[in-house]
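**Student:** Be aware that the sequence shown starts at 1, since it is given in full-length UniProt numbering, and climbs by one per residue. One structure coming up, written as structure tokens, with questions to follow.
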Amino acid sequence: MYKEKDFDIIVVGAGHAGCEAAVASARMGLSTALFTIYLDTIAQLSCNPAIGGLAKGHLVREIDALGGIMAKVTDMSGIQFRMLNRSKGPAVWSLRAQADRILYNLNMRKLLEATENLAIKQAMVEEIVVENGRVKGIITSLGVFYGAKAVIVTPGTFLNGLIHIGLDSFEAGRAGEFSSKKLSESIKKLGLKMGRLKTGTPPRIDAKTIDFSKTEEQWGDFPPPAFSYSTEEITNPQVPCYITYTNEKTHEIILNNLDRSPLYSGKIKGIGPRYCPSIEDKVVKFREKPRHQIFLEPEGLSRKEYYANGIPTSLPYDVQVAFVRTIPGLEDAEIMRPGYAIEYDFVYPTQINHTLEVKGIEGLYLAGQINGTSGYEEAAAQGLMAGINAALKIKGKPPLILGRDEAYIGVLIDDLVTKGTQEPYRMFTSRAEFRLLLRHDNADLRLRDHGFRVGLVDEETYERFLKKKEALEREIRRLKTTIIKPSEQLNKALTDAGTTPIEEATSLDKILKRPEINYEFVKKFAPSQENIAKEIEELVEIHIKYEGYIAKQMEQVERMRQFEEKIIPPDFDFNLPGLSKEVIQKLNEVRPRTIGQAMRIPGVTPAAISILMVALQKGSKK
Numbered sequence: 001m002y003k004e005k006d007f008d009i010i011v012v013g014a015g016h017a018g019c020e021a022a023v024a025s026a027r028m029g030l031s032t033a034l035f036t037i038y039l040d041t042i043a044q045l046s047c048n049p050a051i052g053g054l055a056k057g058h059l060v061r062e063i064d065a066l067g068g069i070m071a072k073v074t075d076m077s078g079i080q081f082r083m084l085n086r087s088k089g090p091a092v093w094s095l096r097a098q099a100d101r102i103l104y105n106l107n108m109r110k111l112l113e114a115t116e117n118l119a120i121k122q123a124m125v126e127e128i129v130v131e132n133g134r135v136k137g138i139i140t141s142l143g144v145f146y147g148a149k150a151v152i153v154t155p156g157t158f159l160n161g162l163i164h165i166g167l168d169s170f171e172a173g174r175a176g177e178f179s180s181k182k183l184s185e186s187i188k189k190l191g192l193k194m195g196r197l198k199t200g201t202p203p204r205i206d207a208k209t210i211d212f213s214k215t216e217e218q219w220g221d222f223p224p225p226a227f228s229y230s231t232e233e234i235t236n237p238q239v240p241c242y243i244t245y246t247n248e249k250t251h252e253i254i255l256n257n258l259d260r261s262p263l264y265s266g267k268i269k270g271i272g273p274r275y276c277p278s279i280e281d282k283v284v285k286f287r288e289k290p291r292h293q294i295f296l297e298p299e300g301l302s303r304k305e306y307y308a309n310g311i312p313t314s315l316p317y318d319v320q321v322a323f324v325r326t327i328p329g330l331e332d333a334e335i336m337r338p339g340y341a342i343e344y345d346f347v348y349p350t351q352i353n354h355t356l357e358v359k360g361i362e363g364l365y366l367a368g369q370i371n372g373t374s375g376y377e378e379a380a381a382q383g384l385m386a387g388i389n390a391a392l393k394i395k396g397k398p399p400l401i402l403g404r405d406e407a408y409i410g411v412l413i414d415d416l417v418t419k420g421t422q423e424p425y426r427m428f429t430s431r432a433e434f435r436l437l438l439r440h441d442n443a444d445l446r447l448r449d450h451g452f453r454v455g456l457v458d459e460e461t462y463e464r465f466l467k468k469k470e471a472l473e474r475e476i477r478r479l480k481t482t483i484i485k486p487s488e489q490l491n492k493a494l495t496d497a498g499t500t501p502i503e504e505a506t507s508l509d510k511i512l513k514r515p516e517i518n519y520e521f522v523k524k525f526a527p528s529q530e531n532i533a534k535e536i537e538e539l540v541e542i543h544i545k546y547e548g549y550i551a552k553q554m555e556q557v558e559r560m561r562q563f564e565e566k567i568i569p570p571d572f573d574f575n576l577p578g579l580s581k582e583v584i585q586k587l588n589e590v591r592p593r594t595i596g597q598a599m600r601i602p603g604v605t606p607a608a609i610s611i612l613m614v615a616l617q618k619g620s621k622k
């Protein structure tokens, strides 16, 4: 065996998790190596060419606030930006961007290659070397050993990957790329319990064969809103997506060919995503629905290839052609790439800590789909946190563990390590107890301090943030302390806006609290002497309007915090009298850090928590 070099941190896999992990650790001053099977598919948008969406957009904003890179690369590569859920409350607003697949790959690689302390290597990693419960490095397929103080494994769908199209299947980590079998075997040999998951992708259609006149055109927002707090302007040309629908003829063809589906013939063993099902699943499970929506999404500015979002499938190629051509606008469609399903190995995530370090193996971290998640954004968030925590541990500093009240990233990781998952985990706003606090607009207010403290946010960016924060606080103070008197003009405007006139002097914030009144109204009658940025105006309005609800959520956070502060010692013996075998088994499996975490373990009852708290109290007295 040939030994080339030692690094502080080695990252295995250059998908969205791997890129974030590698850049984070390198920027924190540690020598880092990023290994990928194929250099030309770094940060590949393997499935749909889009970033963000409901709750996922929150994750991207949080990654940016902490100093990560996904938001910046998306802004450089985006060709349509839309803020979703604008008709609803700000807690569920979320940005989504259509990205140019080629530009995303090129911009990410350019950023990686410009990062100091980061080496990028094309090699198949086949073994993780562990000695006496501590990671030592990795071995590639060429027999080359690289030493490391920490290894972060981010293999996506490549672990023992198997692609299905109809009843045909072949080994691959992604269409046209090798599967990683030996790395999966190496992880199993380390004693980690592994399972099997499945995901899928739809056919890609040649734009020249689409009749767009039979579809609904859907444009993004103008001007396009950016993901990154550092982006001043989106400069790429913006393009539309198109909406069409399946119909009863489509469904008939699918139902008549279920015997040729690997999903329904029993050939696929992995569990698929509940919230992004194949078109076969939709048609079978929702037979009463006459149609299902399809978004035709451009793959990029320089490509004539459209992603048919809404019809992921693993049916045989001839069936795909037949059912696609029943869809309005796609009657003459030519499929450039068929849809397929892919099965892959994952590690049950209750075997990792909140830092994403594997329990019992010091220096080994897992991030992304290997932990049972689906989606680029969930992967990138984990990669960033794994990179940060691996670097902090090597530096001898405390870890960064985000609370459920601080970030969707905190919700994501806590759900994985506490509750585990049996299916691909996807982030939703409904998973967060405090989603009014975890808004899309205030990610930097929540997390920028953490990013600066760990060294991923530079001083210039941090100073800009502090000025923004001060301007926000000044304007809120102004609205609370500025009194406006009744006038004929003001009361007419209030009546025209659909609200009642005022009869006595009133502070501006009380007027802004009214549902019918926005910041523009207040600004018209009592403008600030400062030049307030549009972003700050929006933040001010949200803060004032939802102040009471935010205060209530903060009270809930404080009540929860008392349980989060009750620490359970790492060596605590959960074999307590009065606890059932099932509860003891679950507590031993998860090894919760706090009472709060123990309360979130499925199957751990309030009675069990009471017994646990009494035992901890006795132990503390001793």
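Ideal placement from N, C-alpha and C gives every residue a C-beta, glycine not left out. This one's a predicted model, so the numbers in the text were calculated from it and none came from an experiment.
1) What first and last residue would you give for the alpha helix (DSSP H) that runs through residue 678?
2) Assign residue 19 to one of three DSSP states: helix, strand, or coil.
3) Would you check if there are 3 or more beta carbon pairs closer than 8 angstroms linking the stretch 543–551 to the stretch 564–581?
4) Hey, which unbroken runs of the beta strand (DSSP E) at 3 residues or more fall wholly within the stretch 360–423?
5) Assuming residue 63 contacts residue 32 (C-beta within less than 8 angstroms), just tell me the rounded distance between them.
6) For residue 354, does the three-state DSSP call read helix, strand or coil?
7) Is residue 326 helix, strand or coil by DSSP?
8) Taking DSSP as the reference, what is the three-state secondary structure of residue 550?
9) By the DSSP assignment, the beta strand (DSSP E) with residue 573 in it spans what residues?
10) Considering only C-alpha positions, which residue in the set 417, 414, 372 and 410 is nearest to residue 425?
11) Near residue 231, which residues of its chain fall below 6 angstroms by C-beta distance, leaving aside the five closest residues on each side in sequence?
12) Pick helix, strand or coil for residue 153, following the three-state DSSP scheme.
13) Quick check: the stretch 91–109 against the stretch 42–62, are at least 3 beta-carbon pairs closer than 8 angstroms?
14) Please tell me whether residue 568 and residue 616 are closer than 8 angstroms, where the distance is taken between their beta carbons.
15) Are the stretch 233–241 and the stretch 279–287 touching, with three or more C-beta to C-beta distances below 8 angstroms?
16) Helix, strand or coil for residue 309, going by three-state DSSP, please let me know.
17) Would you say the stretch 127–139 touches the stretch 151–158, given that touching needs at least three Cβ pairs under 8 angstroms?
18) On a CA-only basis, which of 100, 328, 202 and 158 is nearest residue 336? Give me that one, please.
19) Keeping to the same chain, check which residues put their C-beta closer than 7 angstroms to that of residue 536; ignore five residues upstream and five downstream.
20) Helix or strand or just coil, what does DSSP make of residue 250?
21) Cα-Cα, which of 362, 287 and 218 is closest to residue 134?
22) Using the Cα positions of residue 623 and residue 171, report the straight-line distance between them to the nearest angstrom.
23) Where does the unbroken beta strand (DSSP E) through residue 195 begin, and where does it stop?
24) With burial defined as no fewer than 16 other Cβ atoms inside 10 Å of the residue's Cβ, what is the status of residue 293: buried or exposed?
25) Starting from residue 590 and walking both ways along the alpha helix (DSSP H), at which residues does that stretch end?
26) Grab the span of the alpha helix (DSSP H) containing residue 169 for me, first residue to last.
27) Take residue 444 and list the residues in its own chain whose beta-carbon comes closer than 7 angstroms to its own, dropping the five residues that flank it on each side.
28) Just to confirm, is the Cβ distance from residue 421 to residue 527 under 8 angstroms?
29) Have a look at residue 132 and residue 429 and give me their C-alpha separation to the nearest angstrom.
30) Under three-state DSSP, which class holds residue 319?
31) By Cβ distance, which residues of its chain are closer than 6 angstroms to residue 244, with the 5 residues on each side in sequence left out?
32) Any idea what DSSP makes of residue 543, helix, strand or coil?
**Tutor:** Put simply:
1) Only positions 1 to 622 of the chain appear in the structure, and residue 678 is not among them; the question remains open.
2) helix
3) no
4) Residue ranges of uninterrupted beta strand (DSSP E) with 3 or more members, entirely inside the stretch 360–423 and ordered along the chain, are 364–366.
5) Rounded, the Cβ-Cβ distance is 18 angstroms, inconsistent with contact.
6) Judged by DSSP in its simplified three-state form, residue 354 adopts coil rather than helix or strand.
7) Coil, per DSSP.
8) DSSP places residue 550 in helix when its eight states are reduced to three.
9) Unbroken run through residue 573: none, as it is neither H nor E.
10) 372
11) 75
12) strand
13) yes
14) yes
15) Taking 8 angstroms as the limit for Cβ pairs, the verdict is that the stretch 279–287 does not touch the stretch 233–241.
16) strand
17) yes
18) Among 100, 328, 202 and 158, the Cα nearest to that of residue 336 is on 202.
19) 468, 471, 472 and 475
20) helix
21) 362
22) The first residue shown for the chain is 1 and the last is 622, placing residue 623 beyond what the model contains.
23) Residue 195 -> beta strand (DSSP E) spans 194–201.
24) Exposed, because fewer than 16 other Cβ atoms sit within 10 Å of the Cβ of residue 293.
25) 581–590
26) Per DSSP, residue 169 belongs to no alpha helix (DSSP H); it is in the beta strand (DSSP E), 168–171.
27) Counting only Cβ-Cβ distances below 7 angstroms, and skipping sequence neighbours, we find 65, 229 and 465.
28) For residue 421 and residue 527, no; Cβs fall outside 8 angstroms.
29) 41 angstroms
30) helix
31) Non-local beta-carbon contacts of residue 244 in its own chain, meaning distances under 6 angstroms to residues more than five positions away in sequence, involve 215, 294, 327, 328 and 329 in chain order.
32) Reduced to three states, the DSSP call for residue 543 is helix.
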